[in-house]
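To start, the structure under review is shown below, and the notes come after it.
Numbering (mature numbering (1 follows the signal peptide of the UniProt record, and there is no 0)), first residue to last: -23 to -1, 1 to 287.
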């Protein structure tokens, strides 16, 4: 029995030694989770032990993104001190790079620019420097509904007002409408959404009300997960028209102007006659003056005869 234990002792000691050597090389993360806004940049870091002088030819680094479905995408790779982008996923080309000035300090800093919604998830940082170790970092991407596009339209045929609020963000927001006179105005709003290629929710909410109940309205986008509210105010003033082309309004304008011109033309002719007569009277002697103008499409000739002053 003692002989068997003596034979097993070197194996146990070797296993303990290997475990201690592996434990000496440990990859660490100072920040296990990052939270950034859509479209911004982020630098994620994992640290590894180095001697006083880094031997770059011994260093290999691999960054991967792991999706919720356990699908892997290669983000960046450094092989024995040389950048290797042969297997880099197309989604990260031109967006992911390593900050080489931080390597001397034992830091693998992944710089990711123009963050997308599809970047959210877990990132795997693998370091091989004589020994190997790895750590996971979680990236959370938020997209507040910062900007609300507002459109106001008047529909003459329906005798109604149409208010439209549109915005993009993530996750899916709840849209509500508010008005002091109509507290239940959200019930008549029609809200739809679609998912963009960037993973954002494009939300459009349409509120249609009768002109008789027009007022000031507020549309509110509530991002429940971020607990953020974004609102926009719309009123019935200075509305655009819909349902009729500009030519229709031009015709209406002409139908209004033509009768006015026909009514005013004879009046202008009389005024012109009086002004000419007064001018001749002041001079004392005037020749016959003939004026020709047009009214109702026909020539109208005004014959003005002066007489000597008494």
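Heads up, the beta-carbon is just placed ideally off N, CA and C, and yes, glycines get one too. Computed from a predicted model, the values in this text were never measured in an experiment.
Quiz item: Given residue 158, which residues of its chain have a CB within under 6 Å of its CB, disregarding the five upstream and five downstream residues?
Solution: Cβ neighbours of residue 158 beyond the five flanking positions: 192.
Self-check item: Cβ neighbour criterion (16 or more within 10 Å) applied to residue 65
Solution: Answer is buried; the Cβ neighbour count reaches 16.
Quiz item: What residue ranges within the region 12 to 91 form continuous beta strand (DSSP E) runs of no fewer than 3 residues, ordered along the chain?
Solution: Counting only runs of 3 or more, we get 19 to 24, 36 to 43, 49 to 56, 73 to 75, 84 to 89.
Quiz item: Roughly how far, in whole angstroms, is the beta-carbon of residue 172 from the beta-carbon of residue 178, given that I think they are within contact range, below 8 Å?
Solution: Contact flag correct, Cβ pair sits at about 6 Å.
Self-check item: Reduced DSSP category for residue 193 - H, G, I as helix; E, B as strand; rest coil
Solution: It is a strand residue.
Self-check item: Straight-line Cα distance separating residue 141 from residue 156
Solution: So the two alpha carbons sit approximately 15 Å from each other.
Quiz prompt | Proximity below 9 Å, CB of residue 14 to CB of residue 121 | solution = Residue 121 sits close to residue 14, with the two beta carbons spaced by under 9 Å.
Exercise. Round the Cβ separation of residue 118 and residue 94 to the nearest angstrom and send it over; I've been treating them as touching at under 8 Å.
Key: That pair is a contact at about 5 Å.
Quiz prompt | Beta-carbon proximity check, residue 51 vs residue 33, cutoff 9 Å | solution = Here residue 51 is not near residue 33, since their CB atoms are 9 Å or more apart.
Quiz item: Starting from residue 107 and walking both ways along the beta strand (DSSP E), at which residues does that stretch end?
Solution: Neither: residue 107 is in no beta strand (DSSP E) and is coded neither H nor E.
Quiz item: Using the beta-carbon count (16 or more within 10 Å), is residue 151 buried or exposed?
Solution: Taking all protein chains in view, the Cβ of residue 151 is surrounded by fewer than 16 other Cβ atoms within 10 Å, so the residue is classified as exposed.
Self-check item: For residue 208 and residue 222, the rounded distance between their alpha carbons
Solution: Its pLDDT being 30, under 50, residue 222 is placed unreliably by the model, and nothing is read from it.
Exercise. Return helix, strand or coil for residue 175, following the three-state DSSP convention.
Key: Reduced to three states, the DSSP call for residue 175 is coil.
Self-check item: Closest Cα partner of residue 138 within the set 37, 187, 20
Solution: From the listed residues 37, 187, 20, the smallest Cα separation to residue 138 is found for 187.
Quiz item: So residue 6 and residue 111 are in contact, right, with Cβ under 8 Å, and what is the actual spacing, rounded?
Solution: About 10 Å; that fails the 8 Å criterion.
Quiz item: Are the Cβ atoms of residue 90 and residue 18 separated by less than 9 Å?
Solution: Taking the C-beta atoms as reference points, residue 18 is found nearer than 9 Å to residue 90.
Practice problem: State the beta-bridge partners of residue 141 as determined by DSSP. | Solution: Residue 141 has 128, 183 as its beta-bridge partners, per DSSP.
Quiz prompt | Sequence-distant residues of its chain with Cβ nearer than 6 Å to residue 205 (five each side left out) | solution = Same-chain partners within the cutoff: 121.
Practice problem: Could you say which of 144, 100, 104, 154 lies nearest to residue 10 if we only look at CA atoms? | Solution: Taking only the C-alpha atoms, the option nearest residue 10 is 100.
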